[in-house]
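If you're matching positions, the sequence shown starts at 1 in the working numbering and goes up one per residue.
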Amino acid sequence: MRAIRFGLGFILLLNSMSICAQAQEEKTAVTFDELYDEPYSINKLFIGFQPFYGELFATNVNAGYGAEVHYYHKNKFDVKGHFRKTYSSKFYDLNRELAINNSSVSNKPEVYNYYELGGTYHIKDFDVSSKAKIFLHKKSIPRNKWSSTVPLYAEVPSKLRKIYGVRLGGVIWNSTADLNRALEKQGLTNADLVNSEGIGMDQTYVDGNGQVQNVNVFGNIYATNIYLGGSMSWIRNIAVSFDQYDEGLDDGMFTVFLDLMIAPSLTLDPVVYQNEEYSTDALATKMIGFRAGLEGKFNRTLSWSYGGEVGYRPSLEGRGFFALFKISFPVFSSNLDNKVEAFGK
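Next up, the structure:
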C-alpha cells in the first residue's frame, strides 16, 4: 500500500511539472517599437504635497503634512527644499500634547516644525546600457482579474542614467522636548536644573488633594543643522509599444544618500517653574549626527513620490535617533519649456 501511495504521488508530481512546463512554453515572445529612450530629457521642476509623513524621533515622535520642491538644472546640479509640520498636537505632536496636559512648568509648548534646503552637485553624470523591466498589460483585462494575476513582463534594452553627487544644505527644526526623559537618560534629575541662586528644581509636589505628584518638565529645543554628504541616483525614461499589449514605460527616478550633520546652533530654553527660571545647561547636547536615506519619484506630469531616512539627528544627548517615512501625492512636474517655433507667412 505504501508503494502504491508513493507511485501515485510521484505520478502527480510529474503531471504538475508537465503542466508548469507547458505553461512556460505558452509564453510567446513579444515584439516592440521604441517610442523614446531619453533619461536626460526629464522634467526640470517637481512640486509635491505630502498629505502624510511619520517620524519616530526620540526627541519627539511626530506625524503630519509637508511639501517639497525639486529642481534639476541640466546635468550640472539639482536643488531641493521642503518643510513639514504636524496637523495638531493630537495628530500628531506627542510631546506637545503631553506638555499641554501634564506639564508642571509655565513654558508654552513649541509646535514641531522642520525646514530643509539643499543642493546636489553632479560630480559624474553619465549613462550606461541596461535593461528595463516593463510589465505587459491589456486595457481589455478587467481590473479584478488583473489584480489577481501575476503579470508578465519583458526586458527591453534601455539607457540607464547614473549620477554621483555631493550634497550640501541646511536644516532648521524646533520641537517640544520631554526633559524628564532626557534627564533620566543622562543620569540626572530635576535637581540638576537650578535657578539663579543655585537651588535645584523640585522632584515632586503635593497637589490640592494632598497627593504627591511628580514635577513634569517639558522644554523647547531649537536647532540649526548643516549637512554634507554624497548621493547616487538612477534614472530611466523609456517608453515602448508592443504588438499585442498596451504601451509600457519605465520612468523611475531613484536616489540613495548618506549625510554627516553638524549643528552650529542647538538651543534649549530655560524652564519656568513657580515663577522662577531654571537653567537647562546641565543637559548635554550632541552636535554631530548622520543620516542615510532614499527617495523615489516618476517623470510624469502628475504622479506620486516616496522617501525615507534613518539616523541620529543632532539633539539632546541620547535623544537623537530618528526614522522617517514620507509619501507625496500629488506630485506635479514640468520641463519649464514654453517656447514654440514661429514662422513668418
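Backbone N, C-alpha and C fix where the C-beta goes; we use that ideal spot for every residue, glycine too.
Owing to the predicted nature of the structure, the values given are computational and were not obtained by experimental measurement.
C-beta atoms of residue i and residue j nearer than 7 Å
i, j, result
"Asn225", "Val171", "yes"
"Leu258", "Ala292", "yes"
"Thr204", "Val212", "yes"
"Ser357", "Asn43", "For the chain, the structure presents residues 1 to 345; residue 357 sits outside this window and is missing."
"Asp127", "Pro39", "yes"
"Val30", "Phe242", "yes"
Exposure label - residue i; buried when at least 16 CB within 10 Å
i, result
"Ala21", "Here Ala21 scores only 42 on pLDDT, less than 50, and its place in the model is too uncertain to base an answer on."
"Val206", "exposed"
"Ser196", "exposed"
"His73", "exposed"
"Ala34", "One detail in the question is off: residue 34 reads as Glu in this sequence, not Ala. Flag for Glu34 reads exposed."
"Thr267", "exposed"
"Pro109", "buried"
"Leu302", "exposed"
Residue range of the alpha helix (DSSP H) that includes residue i
i, result
"Leu98", "94-102"
"Lys185", "179-185"
Spatially closest choice to residue i from the options, by CA coordinates
i, options, result
"Leu316", "Ser305, Leu283, Val331, Phe254", "Leu283"
"Ala154", "Lys131, His82, Gly318", "Lys131"
"Asn62", "Tyr36, Ser89, Tyr72", "Ser89"
"Tyr112", "Ser158, Ser175, Glu184", "Ser175"
"His70", "Phe46, Phe77, Val240, Asn237", "Phe46"
"Val217", "Ala239, Gly296, Asp178", "Asp178"
Own chain, CB closer than 7 Å to residue i, minus 5 neighbours either side, in chain order
i, result
"Ser328", "Gly48, Phe49, Gln50, Glu68, Trp304, Ser305"
"Asp251", "Arg236, Asn237, Phe298, Asn299, Arg300"
Own chain, CB closer than 6 Å to residue i, minus 5 neighbours either side, in chain order
i, result
"Glu25", "With a pLDDT of only 40 at Glu25, under 50, the local geometry of the prediction cannot be trusted, and the value read off the model is given with reservation. Correct list: empty, nothing qualifies."
"Phe321", "Ala58, Tyr312"
"Ala378", "Residue 378 lies beyond the stretch modelled for the chain, which goes from 1 to 345, so this question has no answer here."
"Tyr273", "Val105, Met201"
"Phe135", "Pro151, Tyr153"
"Ala99", "Pro109, Thr176, Phe218"
"Lys159", "Asp37, Pro39, Asp127"
Close beta carbons around residue i, own chain, < 8 Å, minus the five adjacent residues each side
i, result
"Ala23", "Unreliable positioning characterises Ala23 in this predicted model, as indicated by a pLDDT of 43, which lies under 50. A coordinate reading is not provided."
"Tyr36", "Asn237, Ile238, Ala239"
Enclosing beta strand (DSSP E) for residue i [first to last residue]
i, result
"Thr204", "204-206"
"His82", "77-86"
"Met261", "252-268"
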